[in-house]
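> Here it is, the structure in full.
In the numbering used here, the protein residues as written are 306 to 434.
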(Lines of atoms letter the chains of each structure in order from A and count residues from 1; the text may use other names and numbers.)
(Lines give C-alpha, C1' and ligand atoms only; values in the text may rest on other atoms or scores of the structure.)
Protein backbone atom coordinates (compact mmCIF):
# COMPACT_ATOMS: atom_id res chain seq x y z
CA UNK A 1 0.00 0.00 0.00
CA UNK A 2 1.19 3.50 -0.82
CA UNK A 3 0.09 6.52 1.21
CA UNK A 4 0.21 9.97 -0.37
CA UNK A 5 -0.40 13.02 1.78
CA UNK A 6 -0.07 16.77 1.61
CA UNK A 7 -2.13 19.91 2.00
CA UNK A 8 -5.43 20.52 0.27
CA UNK A 9 -5.20 21.30 -3.47
CA UNK A 10 -1.50 20.46 -3.71
CA UNK A 11 -1.73 18.19 -6.76
CA UNK A 12 -1.72 14.82 -5.04
CA UNK A 13 -4.03 13.10 -7.54
CA UNK A 14 -2.12 14.45 -10.54
CA UNK A 15 1.13 13.33 -8.92
CA UNK A 16 -0.23 9.79 -8.42
CA UNK A 17 -1.51 9.59 -11.99
CA UNK A 18 1.79 10.89 -13.36
CA UNK A 19 4.29 9.04 -11.14
CA UNK A 20 2.68 6.05 -9.43
CA UNK A 21 -0.23 4.77 -11.52
CA UNK A 22 1.52 3.21 -14.48
CA UNK A 23 0.08 3.21 -17.99
CA UNK A 24 -3.57 2.28 -17.48
CA UNK A 25 -6.46 4.57 -16.59
CA UNK A 26 -6.89 5.45 -12.92
CA UNK A 27 -10.30 4.62 -11.49
CA UNK A 28 -10.62 6.73 -8.35
CA UNK A 29 -12.87 6.03 -5.39
CA UNK A 30 -13.81 9.13 -3.38
CA UNK A 31 -13.73 8.67 0.40
CA UNK A 32 -16.29 11.45 0.70
CA UNK A 33 -18.91 9.21 -0.95
CA UNK A 34 -17.65 5.59 -0.89
CA UNK A 35 -18.85 2.74 1.27
CA UNK A 36 -16.31 0.84 3.34
CA UNK A 37 -16.49 -2.06 0.87
CA UNK A 38 -15.88 0.23 -2.12
CA UNK A 39 -12.91 1.76 -0.33
CA UNK A 40 -11.41 -1.64 0.47
CA UNK A 41 -11.80 -2.95 -3.07
CA UNK A 42 -10.37 0.16 -4.79
CA UNK A 43 -6.82 0.42 -6.09
CA UNK A 44 -6.92 4.24 -5.95
CA UNK A 45 -8.67 6.23 -3.23
CA UNK A 46 -8.65 9.97 -2.58
CA UNK A 47 -10.27 11.99 0.22
CA UNK A 48 -9.51 9.25 2.74
CA UNK A 49 -9.66 11.88 5.49
CA UNK A 50 -13.30 12.55 4.46
CA UNK A 51 -14.10 8.86 4.87
CA UNK A 52 -12.77 8.99 8.44
CA UNK A 53 -15.01 12.02 9.12
CA UNK A 54 -18.01 10.08 7.80
CA UNK A 55 -17.22 7.15 10.10
CA UNK A 56 -16.86 9.42 13.13
CA UNK A 57 -20.13 11.22 12.33
CA UNK A 58 -22.00 7.90 12.08
CA UNK A 59 -22.81 8.32 8.39
CA UNK A 60 -20.79 5.18 7.58
CA UNK A 61 -20.57 2.20 9.86
CA UNK A 62 -17.02 0.87 9.97
CA UNK A 63 -14.39 -0.16 12.49
CA UNK A 64 -11.40 2.03 11.65
CA UNK A 65 -8.88 -0.38 13.19
CA UNK A 66 -10.20 -3.30 11.14
CA UNK A 67 -10.36 -1.08 8.06
CA UNK A 68 -6.69 -0.13 8.41
CA UNK A 69 -5.69 -3.78 8.72
CA UNK A 70 -7.71 -4.68 5.65
CA UNK A 71 -6.34 -1.78 3.59
CA UNK A 72 -2.79 -2.84 4.45
CA UNK A 73 -3.36 -6.56 3.86
CA UNK A 74 -5.25 -6.44 0.57
CA UNK A 75 -4.09 -4.96 -2.75
CA UNK A 76 -0.42 -4.22 -2.04
CA UNK A 77 -0.37 -1.79 -5.00
CA UNK A 78 -3.24 0.28 -3.55
CA UNK A 79 -2.72 4.08 -3.37
CA UNK A 80 -4.51 6.10 -0.70
CA UNK A 81 -4.53 9.89 -0.69
CA UNK A 82 -5.30 11.83 2.48
CA UNK A 83 -5.09 15.56 3.08
CA UNK A 84 -2.95 16.76 5.96
CA UNK A 85 -5.49 18.25 8.31
CA UNK A 86 -3.58 18.55 11.57
CA UNK A 87 -1.69 21.76 10.84
CA UNK A 88 -2.78 25.23 11.81
CA UNK A 89 -4.96 26.50 14.63
CA UNK A 90 -6.55 23.90 16.87
CA UNK A 91 -10.32 24.00 16.33
CA UNK A 92 -12.58 25.17 19.14
CA UNK A 93 -15.21 22.52 18.41
CA UNK A 94 -14.63 19.23 20.19
CA UNK A 95 -15.86 17.21 17.16
CA UNK A 96 -13.35 18.92 14.86
CA UNK A 97 -10.49 18.21 17.27
CA UNK A 98 -11.53 14.55 17.53
CA UNK A 99 -11.75 14.30 13.74
CA UNK A 100 -8.23 15.69 13.32
CA UNK A 101 -6.82 13.46 16.05
CA UNK A 102 -8.44 10.25 14.82
CA UNK A 103 -7.54 10.95 11.20
CA UNK A 104 -3.95 11.52 12.28
CA UNK A 105 -3.90 8.26 14.21
CA UNK A 106 -5.38 6.29 11.32
CA UNK A 107 -2.92 7.81 8.84
CA UNK A 108 -0.01 7.05 11.19
CA UNK A 109 -1.05 3.39 11.25
CA UNK A 110 -1.39 3.35 7.46
CA UNK A 111 2.03 5.00 7.08
CA UNK A 112 3.65 2.51 9.44
CA UNK A 113 2.41 -0.41 7.34
CA UNK A 114 2.79 1.20 3.93
CA UNK A 115 5.55 0.24 1.54
CA UNK A 116 5.88 3.90 0.49
CA UNK A 117 4.76 7.24 1.90
CA UNK A 118 4.85 10.40 -0.24
CA UNK A 119 4.45 14.04 0.74
CA UNK A 120 3.21 16.21 -2.13
CA UNK A 121 3.56 20.00 -2.17
CA UNK A 122 2.87 22.14 -5.26
CA UNK A 123 2.54 18.98 -7.33
CA UNK A 124 6.02 17.78 -6.40
CA UNK A 125 6.26 14.50 -4.54
CA UNK A 126 8.93 13.73 -1.99
CA UNK A 127 9.22 10.15 -0.79
CA UNK A 128 9.44 10.13 3.00
CA UNK A 129 9.32 6.36 3.43
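For every residue, glycine included, the Cβ atom is placed at its ideal position computed from N, Cα and C. Small disclaimer: the values here were computed from a predicted structure and weren't measured.
Under three-state DSSP, which class holds residue 300?
In the structure as shown, the chain starts at 306 and stops at 434, and residue 300 therefore has no counterpart that could be examined.
> Determine the contact status of residue 357 and residue 369, defining contact as a CB-CB distance below 9 angstroms.
Translated into the one-based positions of the chain shown, residue 357 becomes position 52. Translated into the one-based positions of the chain shown, residue 369 becomes position 64. Result yes, Cβ atoms of residue 357 and residue 369 sit closer than 9 angstroms.
> Is the distance from the Cβ of residue 424 to the Cβ of residue 387 below 9 angstroms?
By one-based count along the chain shown, residue 424 stands at place 119. By one-based count along the chain shown, residue 387 stands at place 82. Result no, Cβ atoms of residue 424 and residue 387 do not sit closer than 9 angstroms.
> How do the region 326–345 and the region 358–368 stand: do at least 3 beta-carbon pairs fall below 8 angstroms, yes or no?
These segments touch.
> Determine the contact status of residue 313 and residue 419, defining contact as a CB-CB distance below 9 angstroms.
Stepping through the chain shown from its first residue, residue 313 is reached at position 8. Stepping through the chain shown from its first residue, residue 419 is reached at position 114. It is not a contact, given that the beta carbons lie outside the stated cut-off.
> Enumerate in chain order the residues of its own chain whose CB-to-CB distance from residue 412 is below 6 angstroms, with the five nearest sequence positions on each side excluded.
In the chain shown, counting from the first residue as 1, residue 412 sits at position 107. Cβ neighbours of residue 412 beyond the five flanking positions: 387.
> In the DSSP assignment, find the alpha helix (DSSP H) that holds residue 372 and state where it starts and stops.
Position 67 of the chain shown, counting from 1, holds the residue named residue 372. Residues 369–378.
> Since residue 421 and residue 310 should fall inside the 8 angstroms C-beta cutoff, what is the C-beta to C-beta distance between them, to a whole number of angstroms?
The residue you call residue 421 lines up with position 116 of the chain shown. The residue you call residue 310 lines up with position 5 of the chain shown. Not really, about 12 angstroms apart at Cβ, beyond 8 angstroms.
> If you measure between the beta carbons of residue 380 and residue 417, is that distance less than 9 angstroms?
Position 75 of the chain shown, counted from the first residue, corresponds to residue 380. Position 112 of the chain shown, counted from the first residue, corresponds to residue 417. No; because the gap between Cβ atoms is not below 9 angstroms, this pair is not in contact.
> Assuming residue 336 and residue 351 form a contact by the criterion Cβ under 8 angstroms, report the distance between their Cβ atoms to the nearest whole angstrom.
Residue numbering aside, residue 336 sits at position 31 when the chain shown is read from its first letter. Residue numbering aside, residue 351 sits at position 46 when the chain shown is read from its first letter. Confirmed, Cβ separation roughly 7 angstroms.
> Span of the alpha helix (DSSP H) holding residue 341?
By 1-based counting over the chain shown, the position of residue 341 is 36. That run of the alpha helix (DSSP H) goes 341–346.
> To the nearest angstrom, report how far apart residue 429 and residue 326 are at their CA atoms.
Counting from one through the chain shown, the residue named residue 429 turns up at place 124. Counting from one through the chain shown, the residue named residue 326 turns up at place 21. The straight-line gap from Cα to Cα measures roughly 15 angstroms.
> Let me make sure I understand the geometry here. Which of 392, 382, 361 has the alpha-carbon closest to that of residue 308?
Locating residue 308 in the chain shown gives position 3, counting from the first residue. Among 392, 382, 361, the Cα nearest to that of residue 308 belongs to 382.
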